[in-house]
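> Quick one: the structure is below, and I'll ask about it shortly.
Protein chains in written order, with the working numbering: chain A, 240 to 476; chain B, 67 to 271; chain C, 67 to 271.
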């Protein structure tokens, strides 16, 4: 299948999320978002080696979901993350998205009617007369080509940079496991130390994944205290 | 019929491309107000004919009446139109009701990088990119006359109001209303919405 | 107005060439007598307008009202004198360096629909359209001999940085594919990737 067809049939994160919610006949709300979080993460897992640009889009949504889900579990952490407004507006974003999907459906219904308008194809051949623009000199056209070459280079360079910036989930899971192998127990604040926003999201996501797979477990001795991560089935020290 | 009106018709016909209001001002030496009046008159007089006058952002073009799409399609049988993909329709829907709109705004709604789809729509001529009137460093997207001809829209004012079109989607935290009519029915109705509703339309001009 | 009459108007408008009565008979599935009546009606209704219907040897064509010749002439000469925009110069540059080049290639390189710019360059005699030597259904664009003489170019290869720029300005590489690593090597490979690899992608169909 050509690239174009694939990218256009590709389901973005909101599309996937909306489907998960609608499959269970749930309304769009924070509660239902929390309910489908696990399935959403599983979907991401199935997207192994997805291109980093798209992965980043999925991770952004995943991070919002995780914040919603962990609101009750980890209040102190959520407070920190919630300083960024955008974490809390996923339900609104999804509603907007759904509205525009409805508009898209309307546009599709128009297109299906095949009520195309046509412009006049031709133009009178005798209109043609040699009338070049004096500014269109070799120098000007040369410059136009140079700037085209430059912008085309930019287009191809951009995605390559993205690769370096985004770490794959699987790599992050390995890193966390290694870290725990050495230390038995680490503090969440350590795991998130000096990390970029993207890395925090990935770490958080990886963490949840590991907990789900019963590789790790988290402890919080009391409200607002440090969250400790340790291997499952390992006695608390 | 007024001579100037006849001249405008001839120019639009001969041009066979979108003509800017400014070009008519220059060629005919008339003021914008006067020309706009005549253009409106032409639009109305032709609305029920085989040729229609369509407008977007002060650009005018004569095209065939969309109702005759199948007949014209039969005549120049070579012309096959590629259908828009779901991703394209979704992106167009956002641009249509939010225009002029930046790529960042589009991506905030779609939740995915939309560079590629926008490029496809630009190449197809369904949308155009221009610098924002508020900030010249910012690019914004708008729908085009080509978009109208592809979907058989003869007047942007006839498009249904956004709120009406999306009523079926309830606000977050609210369960969907029971006993709602199906979307299809709603859509059919909207198309024939009376002209008086146009003023309320969500379309920015 | 009668639906068939509207359809005839649309067909004649879109055709932009003389249309034989027989062609209308075939497309619309109507008898000659009925069509002739409708054509006569159209001719009368349009006679005072900016667009007229003319007939010669049972061939019908919509044309501009001859009385508006001067206005149309003014419009056309204004179009000829207009300064080329950056977009037009960019298109012209691509044709100059990459000729012969198809519209699809030009649009893929520019990332934007170029239909009307190409038309403008054609009208001004700077470029010409011909059928591709490789595929007769495909049109390709070239600069005209007159324009080359005007620029003082006898050999394209003498254009500044010809080799480098024709290589650099080519169809952009496909963006990294979902389901594939997008390092440099992969990008090179993707272009010639066999179709069978596609199934491995992370994309759902």
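Using N, Cα and C, we set each Cβ at its ideal position, and we do this for glycine too.
#1: Answer yes or no: do residue 140(B) and residue 93(C) have a C-beta to C-beta separation smaller than 7 Å?
#2: Using the Cβ count rule (16 or more neighbours within 10 Å means buried), how would you classify residue 157(C)?
#3: Answer with buried or exposed for residue 80(B), where buried requires no fewer than 16 other C-beta atoms within 10 angstroms of its C-beta.
#4: To the nearest angstrom, how far is the alpha carbon of residue 99(B) from that of residue 134(C)?
#5: Would DSSP call residue 109(C) helix, strand or coil?
#6: List, in order along the chain, the chain B residues whose C-beta lies closer than 7 Å to that of residue 308(A)?
#7: Would you grab the beta carbon distance between residue 207(C) and residue 384(A) for me? Rounded to a whole angstrom, and I think it's under 8 Å.
#8: List the residues of chain B whose Cβ lies closer than 8 Å to the Cβ of residue 94(C), in chain order.
#9: Quick check on the DSSP output: the beta strand (DSSP E) that includes residue 224(B) runs from which residue to which?
#10: Residues of chain C with a CB under 7 Å from the CB of residue 379(A): which are they?
#11: Assess contact between the stretch 166-177 of chain B and the stretch 143-158 of chain C, defined as three or more Cβ pairs (one per stretch) separated by less than 8 Å. Is contact present?
#12: Grab me the residues of residue 220(C)'s own chain with a C-beta within less than 8 Å of its C-beta, minus the 5 sequence neighbours each way, in chain order.
#13: Do residue 266(A) and residue 297(A) have their C-beta atoms closer together than 7 Å?
#14: Whole beta strand (DSSP E) runs in the stretch 111-184 of chain B with 3 or more residues, listed along the chain?
#15: Check whether the Cβ of residue 258(A) lies closer than 7 Å to any Cβ atom in chain B.
#16: Note down, in chain order, all residues in the stretch 184-204 of chain C with a beta-carbon under 8 Å from any beta-carbon belonging to chain A.
#17: Report the rounded CA-to-CA distance for residue 446(A) versus residue 300(A), giving the unit in angstroms.
#18: Contact check, residue 148(C) vs residue 108(C) under 8 Å by CB: the rounded distance?
#19: Are the C-beta of residue 335(A) and some C-beta of chain B separated by less than 7 Å?
#20: Does residue 170(B) come within less than 7 Å of chain A when only Cβ atoms are used?
#21: For the candidate residues 459(A), 393(A) and 392(A), whose alpha-carbon lies nearest to that of residue 424(A)?
#22: What does residue 149(C) touch in chain A if you count any residue whose Cβ is under 7 Å from its own?
#23: Grab me the residues of residue 73(C)'s own chain with a C-beta within less than 8 Å of its C-beta, minus the 5 sequence neighbours each way, in chain order.
#24: Can you confirm whether residue 354(A), when its beta carbon is compared against all beta carbons of chain B, has any partner nearer than 7 Å?
#25: Can you check whether the C-beta of residue 359(A) is within less than 7 Å of a C-beta belonging to chain B?
#26: Candidates 121(C), 191(C), 151(C) and 170(C): which alpha carbon is nearest residue 237(C)'s?
#27: Would DSSP call residue 205(B) helix, strand or coil?
#28: For residue 114(B), is the classification buried or exposed, using 16 other Cβ atoms within 10 angstroms of its Cβ as the cut-off for buried?
#29: Is it buried or exposed, residue 212(B), if we count other Cβ atoms within 10 angstroms and call 16 or more buried?
#30: Are residue 293(A) and residue 443(A) touching if we call contact CB-CB under 7 Å?
#31: Please state if the CB of residue 160(C) and the CB of residue 209(C) are separated by a distance shorter than 7 Å.
#32: If you compare alpha carbons, which of 126(C), 91(C), 116(C) and 88(C) is closest to residue 78(C)?
#33: Taking only three categories from DSSP, how would you classify residue 250(C)?
#34: Please report the distance separating the alpha-carbon of residue 117(B) from that of residue 137(B).
#35: Name the chain B residues that come within less than 9 Å of residue 332(A), Cβ to Cβ?
#36: Between residue 162(C) and chain A, is any beta-carbon pair separated by less than 7 Å?
Taking the geometry as given:
#1: Yes. Within cutoff.
#2: Residue 157(C) counts as buried, since no fewer than 16 other beta carbons sit within 10 angstroms of its beta carbon.
#3: A residue is called buried once 16 or more other Cβ atoms fall within 10 Å of its Cβ, and residue 80(B) is buried on that count.
#4: For residue 99(B) and residue 134(C), the distance between alpha carbons rounds to 22 Å.
#5: The three-state reading of DSSP puts residue 109(C) in helix, counting H, G and I together.
#6: Neighbours of residue 308(A) on chain B: none; closest Cβ ~16 Å, over 7 Å.
#7: That belief does not hold up - the Cβ atoms of residue 207(C) and residue 384(A) are roughly 15 Å apart, past 8 Å.
#8: Per Cβ cutoff of 8 Å: 137.
#9: Per DSSP, residue 224(B) lies in no beta strand (DSSP E) and is assigned neither H nor E.
#10: 155, listed in chain order.
#11: The stretch 166-177 of chain B vs the stretch 143-158 of chain C: no contact.
#12: For residue 220(C), where only same-chain residues beyond five positions count, the Cβ hits under 8 Å are 214.
#13: Not in contact: residue 266(A) and residue 297(A) (Cβ atoms no closer than 7 Å).
#14: Whole beta strand (DSSP E) segments, 3+ residues: 117-122 and 125-130.
#15: Not one chain B Cβ lies under 7 Å of residue 258(A).
#16: Cβ contacts with chain A: 185, 188, 189, 190, 191 and 192.
#17: Counting only the Cα atoms, residue 300(A) lies some 16 Å from residue 446(A).
#18: Separation of the CB atoms of residue 148(C) and residue 108(C) is rounded to 34 Å, and the pair is thereby denied contact status at 8 Å.
#19: With 7 Å as the cut-off, residue 335(A) counts as an interface residue toward chain B.
#20: When Cβ-Cβ separations below 7 Å define contact, residue 170(B) makes no contact with chain A.
#21: Measuring from the Cα of residue 424(A), the nearest candidate turns out to be 459(A).
#22: The contact set of residue 149(C) on chain A, defined by CB atoms closer than 7 Å, consists of 372 and 374 in chain order.
#23: Excluding sequence neighbours, residue 73(C) sits near 94.
#24: Output row for residue 354(A): interface = yes.
#25: Yes, residue 359(A) lies at the interface with chain B (some Cβ there is under 7 Å from its Cβ).
#26: Relative to the Cα of residue 237(C), the nearest Cα in the group 121(C), 191(C), 151(C) and 170(C) belongs to 170(C).
#27: Taken through DSSP and simplified to helix, strand or coil, residue 205(B) comes out as strand.
#28: With fewer than 16 Cβ atoms within 10 Å of its Cβ, residue 114(B) is classed as exposed.
#29: That one is buried.
#30: The answer is no: Cβ separation not under 7 Å.
#31: Between residue 209(C) and residue 160(C), the gap from beta carbon to beta carbon reaches 7 Å or more.
#32: Among 126(C), 91(C), 116(C) and 88(C), the Cα nearest to that of residue 78(C) is on 126(C).
#33: Unreliable placement is indicated for residue 250(C), whose pLDDT of 34 sits below 50; no coordinate value is reported for it.
#34: Residue 117(B) and residue 137(B): Cα-Cα distance of roughly 13 Å.
#35: Think of a sphere of 9 Å around the beta carbon of residue 332(A): the chain B residues whose beta carbon falls inside it are 174, 175 and 177, in chain order.
#36: True, the Cβ-Cβ gap to chain A drops below 7 Å.
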